[in-house]
């Protein structure tokens, strides 16, 4: 096994289905630290982070709570939401890999899944500023990357898709011979 003999895209596609493991571990760290927290919520899923956590500090600085309170206001546990989405993404990527896709499909599928996750999650994530309307930078990037990656997958499979969409032409040569 020599690393130099593996083409770059195929080499990347070996590792891409395992990126969600890193995403899960990263979000567990974020959850323990209290960073990457969500917006304030009255949902039963809302969590309160302890004093000196990023959520608590923001709530104090915005004068939503006093500095003598031990916990932040309840916020969406976006770290846990993202862990769930990483698990789903990992399952999808491994399933795609197991179906022996064409070159580039796994990487493009990862881009679609990642930016779809971020697009959804960032509506309830509080640690990013909004740029246009209610959208942050990652959501704006998602609006560009998801369609572009989807189109790229369609182009990779265009011959297969085009073949399926054409009506089957009857072989007239064999029919004429059989009729004689």
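Numbering (the working numbering), first residue to last: 16 to 195. Here a beta-carbon is modelled for each residue, glycine too, at the ideal position from N, C-alpha and C. Please read these numbers as outputs of a predicted model, since none were measured by experiment.
Review point. With distances taken from CA atoms, which of 127, 57, 37, 121 is nearest residue 26?
Key: As a position in the chain shown, residue 26 is number 11, starting the count at 1. When each option's Cα is compared against that of residue 26, the closest is 121.
Practice item. Please say whether residue 88 and residue 117 have beta carbons closer to each other than 8 angstroms? Key: On the chain shown, residue 117 is found 102 positions in, with the first residue counted as 1. On the chain shown, residue 88 is found 73 positions in, with the first residue counted as 1. No, they are not a contact pair.
**Study point:** Between the CA atoms of residue 32 and residue 90 - distance to the nearest angstrom
**Key:** In the chain shown, residue 90 corresponds to position 75, counting from 1. In the chain shown, residue 32 corresponds to position 17, counting from 1. C-alpha separation (whole angstroms): 30 angstroms.
Exercise for review: Write down the C-beta distance between residue 164 and residue 123 rounded to the nearest angstrom, noting that I regard them as a contact closer than 8 angstroms.
Suggested key: For the purposes of this step, residue 164 is identified with residue 149 of the chain shown, where counting begins at 1. For the purposes of this step, residue 123 is identified with residue 108 of the chain shown, where counting begins at 1. With a beta-carbon spacing of about 4 angstroms, residue 164 and residue 123 fall inside the 8 angstroms limit used to define contacts.
Check your understanding: Got a sec: does the ligand HEM put a non-hydrogen atom nearer than 7 angstroms to the Cβ of residue 164?
Key -> This structure simply doesn't include the ligand HEM, nor any ligand for that matter.
Point to revise | Continuous alpha helix (DSSP H) stretch holding residue 79: start and end | key: What you label residue 79 is simply residue 64 of the chain shown in a count that begins at 1. In the DSSP assignment, residue 79 falls outside any alpha helix (DSSP H) and carries neither an H nor an E.
Review point. Whose C-beta lies closer than 7 angstroms to the C-beta of residue 61 among residues of the same chain, with five residues either side of it excluded?
Key: Walking along the chain shown from the start, residue 61 turns up at place 46. The residues are 89, 90, 91.
**Study point:** C-alpha gap between residue 70 and residue 94, whole angstroms
**Key:** Numbered from 1 along the chain shown, position 55 holds the residue referred to as residue 70. Numbered from 1 along the chain shown, position 79 holds the residue referred to as residue 94. Each residue's alpha carbon lies about 13 angstroms from the other.
Practice item. Sort 85, 146, 173, 105 by Cα distance to residue 38 and report the nearest one. Key: By one-based count along the chain shown, residue 38 stands at place 23. Each of 85, 146, 173, 105 was checked against the Cα of residue 38, and the nearest Cα belongs to 105.
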